[in-house]
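Below: one structure, written as structure tokens.
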Amino acid sequence: GKLLHAEQEFEWKRHPNVGETVTSRARVASDVSRRGLRFVTLETDTTSSDGSPVCTSRALFVIRS
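Take the sequence shown: its position 15, counting from 1, is numbered 15 in this note's numbering, and each next residue is one higher.
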């Protein structure tokens, strides 16, 4: 199939510091099929080593078989 990275947005809680370790965890927020296309939304949360939020992002991918 073919994949299109349709859109992406970021919500920064704060900018990471130089040398800081951060962890990102992604999950499929939605997965919908319409008219032969699949629309997959991924949400990613990025946190610092102490668990405090750094950034949240959302990306939409369109997949055609």
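C-beta: ideal position from N, C-alpha, C; glycine also.
Out of GLY1, LEU42, ARG38, point me to the one whose CA is closest to ALA26's CA. LEU42
Where GLN8 and SER52 are concerned, what is the direct C-alpha to C-alpha distance, given to the nearest angstrom? 22 Å
Determine, using beta carbons only, whether VAL54 and VAL28 come nearer to each other than 7 Å. no
Among THR47, ARG64, LEU4, nearest to GLY36 - alpha-carbon criterion: ARG64
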